[in-house]
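Step one of this worksheet: look at the structure below.
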Amino acid sequence: MPHLTLDLPHWLTTSQRETIVALAERNHAAHGNDLLGLVLSGSAGRGMATERSDLDVMVVLTDAAAADRSTVKSNEVDEIVDSWSELTTVPPFGTEHWWYRWSYAWAPVLLDRTNGELAAAVRRQATLPPEEADAVLVDHDRLDGWLNFAYRALKNDRDGRALEARLDAAESVPWLLDVVFAMAGRVRPYNKYLPWELREHPLDAWTADDLLGLVQRTLNGDASALRETFARVRAACAAYDERRGHTRTSEMIYGWGTELAIFEPVSGG
32 MPHLTLDLPH WLTTSQRETI VALAERNHAA HGNDLLGLVL SGSAGRGMAT ERSDLDVMVV
92 LTDAAAADRS TVKSNEVDEI VDSWSELTTV PPFGTEHWWY RWSYAWAPVL LDRTNGELAA
152 AVRRQATLPP EEADAVLVDH DRLDGWLNFA YRALKNDRDG RALEARLDAA ESVPWLLDVV
212 FAMAGRVRPY NKYLPWELRE HPLDAWTADD LLGLVQRTLN GDASALRETF ARVRAACAAY
272 DERRGHTRTS EMIYGWGTEL AIFEPVSGG
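With the numbering used here applied, the sequence shown has no gaps in its numbers, which climb one by one up to 300 at the end.
This is how it looks when you write it as structure tokens:
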């Protein structure tokens, strides 16, 4: 390919490589210099593809070129059109496109014709600078929300309402994962990729086995898992606040006052 040099992950099959090369050639022929780059997302982009997986290739175009294109899906490849403005606009937490940000996490850049600006934009989508992490944890109440569901689950468990406890415990999990990943400056992965990310890109404060074990026990309605998680989160908040030079997350926790007693280990338990 005289005009394009692709950086293809080593784990791709011959068939996948041929599909991507053909896609790149087709887009270069159609758009010339308006083709800014290609990014491989989905299972294939993370070495998790099966025989049933297709390829998710983001085709990054200038705004003008992207205006005349739309995403095309087939059994073999989803050709997802991404304009430069879309790629470089970072949707805040809770907005319509926030959920798509993790699709860029750890996604190999196959082609970057922007002298690295495209690769940097891809990384930015899936990372949280300190101020944005604060916003997720505190301003958007993900920490307080996790505490609320965990607290309700423990009250239900205390009062003998096993089903209700399990429901609240399960509902606490997405909030917990937002908290854990925000403290690490990362967008929470889609559930399908949670074990993969924890093992391939470990968090400093949580090993994969620790966090996945606590999540599984929480989903089973295990009250002791919620108490263990609380202790871990409280310590993580103290460390996070120290790094940030504030006390916002710790203050949110201790603002619960005497209600926190329910998180203390049960005597003899």
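Ideal placement from N, C-alpha and C gives every residue a C-beta, glycine not left out.
**OP:** Can you give me the start and stop residues for the beta strand (DSSP E) that I111 sits inside?
**Re:** Working through the sequence shown from its first residue, we reach residue 111 at position 80. Per DSSP, I111 belongs to the beta strand (DSSP E) from 108 to 114.
Original post:
For the alpha helix (DSSP H) that contains V140, what are its first and last residues?
Top reply: For the purposes of this step, residue 140 is taken as residue 109 along the sequence shown, with counting starting at 1. Under the DSSP assignment, V140 falls outside any alpha helix (DSSP H), being part of the beta strand (DSSP E) whose first and last residues are 140 to 143.
Original post:
The beta strand (DSSP E) with M89 in it runs from where to where?
Top reply: The residue you call residue 89 lines up with position 58 of the sequence shown. For M89, the enclosing beta strand (DSSP E) starts and ends at 86 to 92.
Original post:
What did DSSP end up calling R258 once you bin it into helix, strand or coil?
Top reply: Mapped onto the sequence shown, residue 258 falls at position 227. Secondary structure of R258 (DSSP, three-state): helix.
**OP:** Determine the burial state of W130: buried for a count of at least 16 other Cβ atoms within 10 Å of its Cβ, exposed for fewer.
**Re:** As a position in the sequence shown, residue 130 is number 99, starting the count at 1. Exposed.
Original post:
My guess is that M89 and V70 are in contact by the Cβ rule of under 8 Å, so how many angstroms apart are they, rounded?
Top reply: Mapped onto the sequence shown, residue 89 falls at position 58. Mapped onto the sequence shown, residue 70 falls at position 39. So it is a contact: roughly 4 Å between Cβ atoms.
Subject >> Cut-off 7 Å between Cβ atoms - residues of its own chain near V121, not counting five sequence neighbours on either side >> reply: The count along the sequence shown starts at 1 and reaches residue 121 at position 90. Only R155, Q156 meet the Cβ criterion.
Original post:
Should the region 139 to 156 be called in touch with the region 59 to 74, which here means at least 3 C-beta pairs below 8 Å?
Top reply: Inter-segment contact for the region 139 to 156 and the region 59 to 74 is present: three or more beta-carbon pairs are separated by less than 8 Å.
**OP:** List the endpoints of the continuous beta strand (DSSP E) containing V70.
**Re:** In the sequence shown, counting from the first residue as 1, residue 70 sits at position 39. 66 to 72 is the span of the beta strand (DSSP E), which, as asked, contains V70.
Original post:
Quick one: Cα of P33 to Cα of E282, how far?
Top reply: Position 2 of the sequence shown holds residue 33. Position 251 of the sequence shown holds residue 282. Confidence at P33 is low in this model, with a pLDDT of 47, below 50, so the placement of that residue should be treated as unreliable; the coordinate-derived value is given next. When rounded, the distance between both Cα atoms is 59 Å.
Original post:
Would you call E110 buried or exposed, if buried means 16 or more other Cβ atoms sit within 10 Å of its Cβ?
Top reply: Taking the first residue of the sequence shown as 1, we reach residue 110 at position 79. Result: buried.
**OP:** Measure the alpha-carbon distance for A97 versus Y135 and round it to whole angstroms.
**Re:** For the purposes of this step, residue 97 is taken as the residue at position 66 of the sequence shown. For the purposes of this step, residue 135 is taken as the residue at position 104 of the sequence shown. Roughly 18 Å between the two C-alpha positions.
Original post:
Hey, out of P160, V264, W42, L92, whose CA is closest to R173's CA?
Top reply: Taking the first residue of the sequence shown as position 1, residue 173 is located at position 142. For R173, the nearest C-alpha among the options comes from V264.
Original post:
Under the three-state reduction of DSSP, which class applies to D217: helix, strand or coil?
Top reply: Locating residue 217 in the sequence shown gives position 186, where the first residue counts as 1. According to the sequence provided, residue 217 is Arg. The question's Asp does not apply to it. DSSP places R217 in strand when its eight states are reduced to three.
Subject >> Cβ separation of R77 and Y224, assumed to be a contact under 8 Å, to the nearest whole Å >> reply: Translated into the one-based positions of the sequence shown, residue 77 becomes position 46. Translated into the one-based positions of the sequence shown, residue 224 becomes position 193. The beta-carbon separation of R77 and Y224, rounded to 7 Å, stays under the 8 Å limit for a contact.
Subject >> Buried or exposed (CB count within 10 angstroms, at least 16 for buried), W42 >> reply: By 1-based counting over the sequence shown, the position of residue 42 is 11. With a 10 Å radius around the Cβ and a threshold of 16 neighbouring Cβ atoms, W42 comes out exposed.
Subject >> alpha helix (DSSP H) runs contained entirely in the region 137 to 195, provided each spans 4 or more residues >> reply: Listed in chain order, the complete alpha helix (DSSP H) runs (minimum 4 residues) inside the region 137 to 195 are 148 to 156, 161 to 165, 173 to 189.
Original post:
Helix, strand or coil: how does DSSP classify V297 here?
Top reply: For the purposes of this step, residue 297 is taken as the residue at position 266 of the sequence shown. In this structure, V297 counts as coil in the three-state DSSP scheme.
Original post:
Where does the unbroken alpha helix (DSSP H) through D241 begin, and where does it stop?
Top reply: Start at 1 with the first residue of the sequence shown, and residue 241 comes out as number 210. Unbroken alpha helix (DSSP H) run through D241: 239 to 250.
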